[in-house]
Every structure is written in structure tokens, then in C-alpha cells.
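The next block holds one structure in the form of C-alpha cells; read it before the comments.
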Amino acid sequence: MQSKSTILVVEDNASVRDALSDYLKAQGFAVVTAVGQSDALAILRTKSPDLAVLDIVLSDGDGLSLFQEMRRFTKTPVIFLSGRSEDTERIIGLEIGADDYVTKPFNPRELTARIKAVLRRSQTSTHSPEAVLAGNCLYFGGCVFNSLTHELVNARSETVLLSKGERKLLTVLLQHPHQVLSRDQLLDVTQGKRAEAFDRSVDNLVSRLRKKLEADPRSPKLIKTYWGGGYALSADVLSHPPEN
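When the letters of the sequence shown are read in order and numbered with my numbering, they come out as residues 9 to 252.
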């Protein structure tokens, strides 16, 4: 289990972060580290660690706020670290949904045991309705689309929200990668009974989606045009982050 589990460590104290990272790696975990809140969110929007260890006090925010932001798009299990031992902070952390809470200074062996316990619990609930959002995040062409929050992290590493029409268009393209879909098919999905013959709204939607999606909308690589045919997504679609 350990060799297949990736742990995100979010800690702004370099000595603590490095020591914990080295220890967890020695225990067989893969480790990704982040210095603060913005760094951690950038990682979480492109990777899916099995568990996150979050320090409560961060240089650009706090672990509680980071946790709440995380829950907008992922259910990665979380263990809080804190240099304060007040019961109030621990209770708040657990009440907002954290899986465990460890007070500094901590024994690395104890933290590792808690990590293993949380991983066991999360893995046994993989198929429950409350499972990690593995089925809601789709990875394609350097982009990530979260069908739960409707957020898209595009090829320029920007996080954007999609309109209802853009979301419907992207969803059907993701469901049929490398398949040319005619304008009539896309009209039916995006407009339904309101669609009219020679309606060019699909072309406008594709243009808007390309601006939000592509690294260079003037030279689209992901949504290809097939003259006389329609459009196709020219990328593989994965339900997990691609391996580097």
C-alpha cells in the first residue's frame, strides 16, 4: 500500500517539511511538498495525492482555509498538523471534516501510523457515494475538468469556469474522444429542441471553449475542425492524472 500511496505535505517550515518528506519516503511513500496554500492548490488541481498532511499555520494563509478550499473540488483525506495544543483548534479541524489531527512536536512513527490508518479507511470507502472524486475529474491534453464544480484547469494552468453551453459541449467531446461529431449532433446536445437548421451557435461555442481551453486558441490542438464534418477532441481522456 505504501509504495503506491502519494502524500502531499504542506508545511512552510523548511526543516520540518524536508525531515518529514525524507522520513515518509524512507517508509515507502511517494511525497509531494508545498510551502503554502497557493502552492498546494496548484498541485491539487493537477495531481491527486492519496492523502494530504496540512500544517495549520502557513505563510500565505492557514490550513483550515486551505482545507475548505480543497473541499470545493477534491475529497483527498487530510491530517492536520499544529504547533498549538488547544482543544478548540483540534475540534474545529475535526468538525469541518479532517480525518485526523496531530500536535507538534510529533513522533514521525506515530504520524506514519495515523497516515496508514486514514489510508485504510479511505480505500475501503472507494466505491461509496462519498468516495474521492476520481470519477468527477477528467484529465486530457494538459487540462483537468471537474464535472462536479464545473471548473477547468486549462493548458495554460489557469482555472476558469465554464458556461452551461460550454460545459455541455466539453462533456460530449470528452465522452467521445477522437470521434468527429457533426454540428447537428452537437446542436442537439447543447440546444435541444431549440436548435434550428443552419444554426451557427455551435461554432460560437467552440470558439469560446477554445479560448478557455487551448494553450494557443489561434492554433487549436485539442478541438480539431473537420470541414464538412464537425469537431473532435484530439486527446486521450483519463480518469486519473497522467504519469510523468
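For every residue, glycine included, the Cβ atom is placed at its ideal position computed from N, Cα and C.
C-alpha distance - residue i paired with residue j, whole-angstrom precision
i    : j    : result
S215 : E174 : 10 Å
R80  : T157 : 7 Å
L221 : L160 : 8 Å
R25  : V43  : 8 Å
V210 : L195 : 6 Å
M78  : L177 : 26 Å
H184 : Q35  : 41 Å
L74  : T54  : 16 Å
V61  : P85  : 9 Å
D107 : A50  : 22 Å
V65  : T111 : 12 Å
G237 : H186 : 13 Å
E166 : A48  : 15 Å
L119 : S155 : 33 Å
N162 : F153 : 8 Å
T41  : V18  : 6 Å
K219 : A121 : 47 Å
R117 : A22  : 20 Å
D70  : Q45  : 7 Å
C145 : P57  : 13 Å
L52  : V197 : 31 Å
P113 : G91  : 7 Å
S190 : K12  : 42 Å
N212 : D192 : 14 Å
P225 : T82  : 28 Å
L181 : S29  : 40 Å
V340 : F148 : Residue 340 cannot be examined here, being either before or after the span of the chain that is shown, 9 to 252.
P250 : A38  : 16 Å
L217 : Q76  : 29 Å
D244 : L16  : 26 Å
S247 : P228 : 23 Å
K33  : K124 : 14 Å
L59  : S130 : 9 Å
K172 : N115 : 49 Å
V126 : I87  : 8 Å
R230 : S242 : Arg is not the amino acid found at residue 230; the sequence shown has Leu there. Between L230 and S242, the C-alpha separation is close to 5 Å.
D20  : T179 : 38 Å
Range of the contiguous alpha helix (DSSP H) that encloses residue i
i    : result
S90  : That residue, S90, is in no alpha helix (DSSP H); its beta strand (DSSP E) goes V86 to S90.
V197 : R191 to T198
G71  : G71 to M78
I51  : Q45 to L52
D211 : S209 to L221
Sheet register partners of residue i (DSSP bridge)
i    : result
Y234 : G238
T14  : A38
L66  : G69
L246 : Y147
Residue-chain proximity (residue i, chain B), Cβ-Cβ < 7 Å
i    : result
V197 : Looking for chain B here will not work: only one protein chain is present.
Boundaries of the beta strand (DSSP E) in which residue i is found, first to last residue
i    : result
V188 : No beta strand (DSSP E) contains V188, which DSSP labels as neither H nor E.
T111 : D108 to T111
V61  : L59 to D63
heavy atom of the ligand NAP below 6 Å from residue i C-beta
i    : result
R175 : Among the ligands in the structure shown, none appear at all, so the ligand NAP cannot be discussed.
Q.
At 3 residues or longer, what runs of the beta strand (DSSP E) sit wholly inside the region 145-174?
A. 145-148, 151-154, 159-161 and 167-169
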